[in-house]
Amino acid sequence: MTASTPSLEALRRCHFAVDLGAARTRVYVKGAGLVVDQPSAAAINTRTGALIAVGEFAEKMTGRTPGYIRVVRPVSGGTVVDIEMAQRMLRHLLGDRVRRALRRKPRLRAAVCTPHDADPLSQRAAIETLVGLGARRVELVDTLIAAAVGCGLPVEQPEATMIMVCGAHATQVAVLSLGSIVTAVRIPVGGEAVDHAIVQLLRHQHELVLPSQSVRPLQLALSGNGLTPQGPSTTEIHGRDVATGLARSVRVDTATVRNAIQTPLTAVLDGIGKVLRDCPPDLVADLADRGIMMVGGSALLPGFDQMLRQATGMPVHIAERPDVCAVQGLGSMLEGRVEPLVLHPTSAD
């Protein structure tokens, strides 16, 4: 098993690839494409230990279960925190047909995304999870490289590209050149920190509790240019009164919502600044023209890209399907669609 960045040749020999995220789990099978794209959630019966539901259905059960059913999330911040539960979840998500097809492969090989600064324990947990599914060899791929390949950035070229992976628990920012990471930073702030800030605001200012599923619609209520002052001035939000427990709705001033989520987003801006300061000047000049590519589910926060544009003065692009870039990048490497840059040594005259 390897923990270093694998060669493209090693990845071509893999049969399937997994992107285990805190919010969603995605699996790419060679020749079949993306076969799983589901929430990273599992519901278990605490009395018997039986697995009741996984993925979408388990996510729907959050906050709606009787006491003996618990919804667990085996992945947190890109790290598998419960290996056994992650294996059980993956087995159910893959289904019998796909698992049988994979088991037929001699010396089953897998690839998995790991966060940029994953420590040896996190790497080990990712490897163990896939070994439990029958993989004989597991290649670890940096999420930043996989996402850059997945959204079509010229990763292997001698020119700088800047990528920002906006996850649920963390945001990773990196400058890539010649197929490797020049400088990178991982900020422990993601989409969930933004959700949490909004939940706190509603609780303190309006004494309103949101059902766990309705934080996302709130961001949509900020509309297309939500994080910029051009959005609507107020929005209506439905929830439950803290004191009476009855349902009620309030009209919230969107400017206060923007202020509430400013703190987590400022941390992200600080991270971008740090990466640019640590980057060689020639590469920064490349970035001024090319800008930042945003990938990951939280890249779709309304108006986030405009806010970054205003703060950095650089062009900011959102990938075509930002949420699946990392797993699509792994898929491209598995299928052999990525050409390595071959540097021929020059012969001495």
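If you're matching positions, the sequence shown starts at 0 in numbering that gives the first Met the number 0 and goes up one per residue. Note that beta-carbon positions come from the ideal geometry of N, C-alpha and C, so glycine has one too. Just so we're clear, the structure is a prediction, and the values are computed from it rather than from any experiment.
Using beta-carbon positions only, say whether residue i and residue j come within less than 8 Å of one another.
| i | j | result |
| --- | --- | --- |
| Leu-107 | Gln-37 | no |
| Val-80 | Ala-40 | no |
| Ala-183 | Leu-143 | yes |
| Gly-166 | Gly-20 | yes |
| Leu-300 | Gly-190 | yes |
CA-CA distance, residue i and residue j?
| i | j | result |
| --- | --- | --- |
| Ala-134 | Ala-109 | 6 Å |
| Pro-65 | Asn-44 | 10 Å |
| Ala-42 | Gln-204 | 33 Å |
| Val-53 | Asp-18 | 16 Å |
| Thr-1 | Leu-10 | Note that Thr-1 scores a pLDDT of 38, beneath 50, so its modelled location is shaky; the value from the coordinates is reported in the next line. The straight-line gap from Cα to Cα measures roughly 11 Å. |
| Ile-82 | Ala-125 | 8 Å |
| Ser-297 | Val-188 | 11 Å |
| Gln-201 | Val-256 | Inspection of the sequence shows that residue 201 is occupied by Leu rather than by Gln. So the alpha carbons of these two residues sit roughly 9 Å apart. |
| Leu-175 | Leu-33 | 26 Å |
| Ala-145 | Asp-240 | 44 Å |
| Arg-185 | Thr-78 | 13 Å |
| Val-181 | Thr-113 | 17 Å |
| Gly-335 | Asp-141 | 17 Å |
| Arg-46 | Arg-123 | 30 Å |
Tell me whether residue i sits in a helix, a strand or coil according to DSSP, three-state version.
| i | result |
| --- | --- |
| Ser-179 | strand |
| Glu-138 | strand |
| Met-88 | helix |
| Met-293 | strand |
| Ser-346 | Since pLDDT at Ser-346 reaches only 44, below the 50 mark, its modelled position is unreliable, and no value is offered. |
| Thr-24 | strand |
| Val-353 | The structure shown has nothing for residue 353, since the chain only spans 0 to 348. |
| Gly-149 | helix |
| Cys-13 | coil |
| Pro-65 | coil |
| Val-130 | helix |
| Ala-318 | coil |
| Arg-99 | helix |
| Leu-19 | strand |
| Arg-336 | coil |
Between which two residues does the beta strand (DSSP E) containing residue i stretch?
| i | result |
| --- | --- |
| Glu-55 | From DSSP, Glu-55 is part of no beta strand (DSSP E) but of the alpha helix (DSSP H) over 54-60. |
| Val-70 | 68-71 |
| Met-163 | 160-165 |
| Leu-33 | 32-38 |
| Thr-243 | It is not in any beta strand (DSSP E) - Thr-243 carries neither H nor E in the DSSP assignment. |
| Ala-42 | 41-44 |
| Val-111 | 108-113 |
For residue i, report the span of its alpha helix (DSSP H) as first-last.
| i | result |
| --- | --- |
| Val-267 | 261-276 |
| His-195 | 190-205 |
| Gly-328 | 324-333 |
| Ala-308 | Note on identity: in this sequence residue 308 is Arg, with Ala being the wrong assignment. Counting along the chain, the alpha helix (DSSP H) containing Arg-308 begins and ends at 303-311. |
Using a Cβ-Cβ distance under 8 Å, would residue i count as near chain C?
| i | result |
| --- | --- |
| Gly-244 | The structure shown contains no chain C; it is built from a single protein chain. |
Determine, using beta-carbon pairs with one atom in the region 188-202 and one in the region 319-338, whether at least three such pairs fall under 8 Å. Between the region 188-202 and the region 319-338, the count of Cβ pairs shorter than 8 Å is below three; the stretches do not touch.
Should the region 153-163 be regarded as contacting the region 271-287, the criterion being three or more beta carbon pairs within less than 8 Å? Three or more pairs of CB atoms, one per stretch, sit closer than 8 Å, so the region 153-163 contacts the region 271-287.
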